[in-house]
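K.L.:
Right, I'll just put the structure down here and ask away after.
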């Protein structure tokens, strides 16, 4: 049986063994020298039968010859020798290990077999293995490193950022610049044969020196653990900033519904992050700027940002970028605007960004502007934007350095977070960066990146919308048999939706042409004829839907057409006679289950537009307060729901009620529901509701898992 795996020995070891240690330049030498540079307080055991000592430290022939138990063992040898040494770990009492090299699970048959044996040993003995195929681990505060590169300047490296990367090159890049923030822990997880990124994230939540976590993510090996760790991080007040590339590692299934196709891996992962209060970034520079902006003593209490600059052109550029990215730059209140103009002189715009050049006396204008905007009630953070560089051929560095004290004075008076911003990345004054960091005024690089980072942290600090109470939805699934069905056909699916209190079309399931005619008379012409069967989830593809049937003769002809097409398709089905809903906007509501992450709800324009536009909003279930309304408003097609040229607005309240009802249904019965498609729903004018015209439910398999 597998033993519990404790990561403490990996990140805070009391002793380190280095298999493959050497006096020559090598990975083993790098680790040995880094531990010395970091002044590691524990025991270091070089292991190499070719040497008696590394410098003045005794070297041992094998792990079996060590005088004490190593907490962590770093393997700096070939895969064959690594496997041989790994077999000795249980006997040596090792609790953790790092395998740097490749040639295991990602390689050929021998490599996969070797990794499988290593996993068995680690799990049976409770060994926390980082790798294979990784850069390793650095713990600056614990003065420990089992990392592929040689290290120095531990004090400069140490900080509050926990880094988890499945890419070694990303680790190298991020560790190359510690001028604005440092690291509490660094873990390059590689193949994640035993210790996953989710496990490391879970560890960092409880790590005292870690205040924010950055992850470069390629795959999610343990989705349930990952989501739980995100929740714990949010509860602990530690933002998790995620740069995701590639696709999640999950079971593939044959997607039978529109919802499953739209709610693909990447979009669902973004919704998982949103639902569990992580910060997702799209690019590497965004990740870096969020980490830099976090170094302020406090986070913004709201999203409103005031910017002070010395250029009207820069102000206009920032307004354009903010408008395109959703950053909130509110205008100065009228009284503040007039006060600024009296002191500074004329400036363009509404005062945010505030062009403090004004009358040209920038040395006096800037302190006044920074203090003024810092006291404005509709401002949550203040930014001073200007550019220069140590190697710039123009300008006086001393003038720029003088602004540091001015910013600090304004920040102290205001109590709000202040930031310094360059208009583009790549510009910096080293002394300025050092002094600003010491004062808790983060220097940020680039308008889009810097303002976006402040906004991301402000949104995170605002928390989540309130949870909705979920009551009894009033649907008894025993009324509709689910067991053994590959899909639940339209008629039964809509009966379940009606049980939720949702409006469905008037319809009747019939077995004969005569019954169809009788049903049509009761419903009222025109009607729609549909073939209904669990085996035919998409009727239109086979021509098994006939619309606009207006007379008995047309109904008889339609009936015969459907029967002929069923014969051609080698299928049998009942026939549904349904009212034809002519008016309204077609929308869809759907649910898809994603292994490890749960159910996701999708909403968008329905019918053919669903497939052509892919204009859909997603949320993880259950919905929170306001989620349904936000989903409806954020699709591009939402403008069609508004009143226009005498046409009334459409009943979006009924749509929101539909979304919440489906959310509650999944909260009650999600263990047996894999996917739901309500497409189309006909949205009617305000006050007239919405009508579900077609529906499909896919159950879970008997084992309760996705197909």
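Residue numbers (my numbering): 11 to 717.
For glycine and all other residues, C-beta sits at the position ideal for the given N, C-alpha and C.
Note that the coordinates shown come from a computational prediction; the quantities given were computed from them, not determined experimentally.
In chain order, what residues of the same chain have a beta carbon less than 8 Å from the beta carbon of residue 510, not counting five sequence neighbours either side?
P.N.:
Position 500 of the chain shown, counted from the start, is the residue given in the question as residue 510. Cβ neighbours of residue 510 beyond the five flanking positions: 483, 484, 485, 671, 672, 674 and 675.
K.L.:
Apart from the five residues on each side of it in sequence, which residues of its chain come closer than 7 Å, Cβ to Cβ, to residue 487?
P.N.:
Start at 1 with the first residue of the chain shown, and residue 487 comes out as number 477. Cβ neighbours of residue 487 beyond the five flanking positions: 679 and 682.
K.L.:
Which residues in the same chain have their Cβ closer than 6 Å to the Cβ of residue 232, if we skip the five residues on either side of it in sequence?
P.N.:
For this step, residue 232 is matched to residue 222 along the chain shown. Contacts found: 206 and 208.
K.L.:
Assign residue 254 to one of three DSSP states: helix, strand, or coil.
P.N.:
By 1-based counting over the chain shown, the position of residue 254 is 244. Here residue 254 sits in strand by DSSP.
K.L.:
Could you say if the segment 411 to 426 and the segment 458 to 475 meet the contact criterion of at least three C-beta pairs nearer than 8 Å?
P.N.:
No, the segment 411 to 426 is not in contact with the segment 458 to 475.
K.L.:
Does the contact criterion of 3 or more C-beta pairs under 8 Å hold for the segment 496 to 511 versus the segment 463 to 473?
P.N.:
At 8 Å Cβ cutoff, the stretches do not touch.
K.L.:
Give every residue of the same chain whose Cβ lies closer than 7 Å to the Cβ of residue 280, excluding the five residues on either side of it in the sequence, and list them in chain order.
P.N.:
Your numbering for residue 280 matches position 270 in the chain shown. The residues are 290.
K.L.:
Please state whether DSSP places residue 416 in a helix, a strand or coil.
P.N.:
The residue you call residue 416 lines up with position 406 of the chain shown. If DSSP states are grouped into helix, strand and coil, residue 416 belongs with the helices.
K.L.:
So what does DSSP say about residue 53, is it helix, strand or coil?
P.N.:
Looking up residue 53 in the chain shown gives position 43. Correct three-state label for residue 53: strand.
K.L.:
How long is the line joining the alpha carbons of residue 704 and residue 694, rounded to whole angstroms?
P.N.:
Taking the first residue of the chain shown as 1, we reach residue 704 at position 694. Taking the first residue of the chain shown as 1, we reach residue 694 at position 684. Rounded to the nearest angstrom, the two C-alpha atoms are 16 Å apart.
K.L.:
Under a three-way DSSP split, which group does residue 499 fall into?
P.N.:
Here residue 499 is taken as the residue at index 489 of the chain shown, counted from 1. Note: residue 499 maps to coil in three-state DSSP.
K.L.:
In the DSSP assignment, find the unbroken alpha helix (DSSP H) run with residue 215 in it and report its ends.
P.N.:
Your numbering for residue 215 matches position 205 in the chain shown. Per DSSP, residue 215 belongs to the alpha helix (DSSP H) from 207 to 215.
K.L.:
Count the other CB atoms, across all protein chains shown, that sit within 10 Å of the CB of residue 306; report buried if there are 16 or more and exposed otherwise.
P.N.:
On the chain shown, residue 306 is found 296 positions in, with the first residue counted as 1. So residue 306 counts as buried.
K.L.:
Can you tell me which residues form a DSSP beta bridge with residue 629?
P.N.:
In the chain shown, residue 629 corresponds to position 619, counting from 1. Per DSSP, 611.
K.L.:
For residue 451, which three-state DSSP category applies?
P.N.:
Residue 451 sits at position 441 when you count from the first residue of the chain shown. Coil.
K.L.:
Using DSSP bridges, identify the partner residues of residue 389.
P.N.:
Mapped onto the chain shown, residue 389 falls at position 379. Answer by DSSP bridge pairing: none, since residue 389 is not bridged.
K.L.:
Give the DSSP-derived three-state secondary structure of residue 154 in the structure shown.
P.N.:
For the purposes of this step, residue 154 is identified with residue 144 of the chain shown, where counting begins at 1. Strand, per DSSP.
K.L.:
Exposed or buried, which one is residue 502 when buried takes at least 16 other CB atoms within 10 Å?
P.N.:
By 1-based counting over the chain shown, the position of residue 502 is 492. With 16 or more other Cβ atoms within 10 Å, it is buried.
K.L.:
In angstroms with no decimal places, state the Cα-to-Cα distance between residue 544 and residue 174.
P.N.:
Against the chain shown, residue 544 aligns to sequence position 534. Against the chain shown, residue 174 aligns to sequence position 164. Those two C-alpha atoms are separated by around 46 Å.
K.L.:
Looking only at its chain, what residues have a beta carbon closer than 6 Å to the beta carbon of residue 234, apart from the 5 residues adjacent to it on each side?
P.N.:
Position 224 of the chain shown, counted from the start, is the residue given in the question as residue 234. Around residue 234: 606.
K.L.:
Return the first residue and the last residue of the beta strand (DSSP E) that residue 430 is part of.
P.N.:
To locate residue 430, count along the chain shown from 1; it is residue 420. Residues 428 to 432.
K.L.:
Just verifying my parser: in three-state terms, what is the DSSP assignment at residue 181?
P.N.:
By one-based count along the chain shown, residue 181 stands at place 171. Residue state, collapsed to three classes: helix.
K.L.:
Starting from residue 222, trace the beta strand (DSSP E) in both directions and tell me its first and last residue.
P.N.:
Working through the chain shown from its first residue, we reach residue 222 at position 212. Start and end: 222 to 227.
K.L.:
Would you kindly work out how many angstroms separate the C-alpha atoms of residue 194 and residue 171, rounded to a whole number?
P.N.:
The count along the chain shown starts at 1 and reaches residue 194 at position 184. The count along the chain shown starts at 1 and reaches residue 171 at position 161. Answer to the nearest angstrom: the Cα atoms are 5 Å apart.
K.L.:
Going by DSSP in three states, residue 16 sits in which element: helix, strand or coil?
P.N.:
The count along the chain shown starts at 1 and reaches residue 16 at position 6. In this structure, residue 16 counts as coil in the three-state DSSP scheme.
K.L.:
Tell me which residues share the same chain as residue 381 and place their Cβ nearer than 7 Å to its Cβ, disregarding the 5 neighbours each side in the sequence.
P.N.:
As a first step, residue 381 must be located in the chain shown, where it is residue number 371. Counting only Cβ-Cβ distances below 7 Å, and skipping sequence neighbours, we find 420 and 423.
K.L.:
Determine the burial state of residue 515: buried for a count of at least 16 other Cβ atoms within 10 Å of its Cβ, exposed for fewer.
P.N.:
Along the chain shown, read from residue 1 onward, the residue named residue 515 stands at position 505. Residue 515 should be labelled buried.
K.L.:
Check residue 588 in the structure and name its three-state DSSP category.
P.N.:
Here residue 588 refers to the residue found at position 578 when the chain shown is read from its first residue. In the structure shown, residue 588 sits in a strand (DSSP, three-state: E or B).
K.L.:
Taking the alpha-carbon positions, what's the residue 269 to residue 106 distance?
P.N.:
Here residue 269 is taken as the residue at index 259 of the chain shown, counted from 1. Here residue 106 is taken as the residue at index 96 of the chain shown, counted from 1. Interpretation of residue 269 is limited by its pLDDT of 43, a score under 50 that renders its predicted location unreliable; the figure taken from the coordinates is listed afterwards. Looking at the two C-alpha atoms, the distance is approximately 44 Å.
K.L.:
Which two residues bound the contiguous alpha helix (DSSP H) that contains residue 483?
P.N.:
Your numbering for residue 483 matches position 473 in the chain shown. Premise fails: residue 483 is in no alpha helix (DSSP H) and is neither H nor E.
K.L.:
Considering only residues of the same chain and omitting the five flanking positions on each side of residue 285, which have a CB-CB separation below 6 Å?
P.N.:
Within the chain shown, numbered from 1, the residue matching residue 285 stands at position 275. Closer than 6 Å at Cβ, skipping near neighbours: 630.
K.L.:
Hey, which unbroken runs of the beta strand (DSSP E) at 3 residues or more fall wholly within the segment 345 to 409?
P.N.:
Within the segment 345 to 409, the complete beta strand (DSSP E) runs of at least 3 residues are 391 to 395.
K.L.:
Decide if the segment 218 to 225 is in contact with the segment 238 to 249; the criterion is three or more beta carbon pairs, one per stretch, under 8 Å apart.
P.N.:
Counting Cβ pairs under 8 Å, three or more are found: they touch.
K.L.:
For the candidate residues 430, 53, 710 and 296, whose alpha-carbon lies nearest to that of residue 316?
P.N.:
Residue numbering aside, residue 316 sits at position 306 when the chain shown is read from its first letter. When only C-alpha atoms are compared, the closest one is 430.
K.L.:
To the nearest angstrom, how far is the alpha carbon of residue 717 from that of residue 75?
P.N.:
As a position in the chain shown, residue 717 is number 707, starting the count at 1. As a position in the chain shown, residue 75 is number 65, starting the count at 1. Any reading at residue 717 needs caution, since the residue's pLDDT is 34, under 50, leaving its predicted position unreliable; the model's value is listed next. Their backbone Cα atoms lie some 52 Å apart in a straight line.
K.L.:
For residue 174, list the residues DSSP reports as bridge partners.
P.N.:
Residue numbering aside, residue 174 sits at position 164 when the chain shown is read from its first letter. Beta-bridge pairing links residue 174 to 197 and 225.
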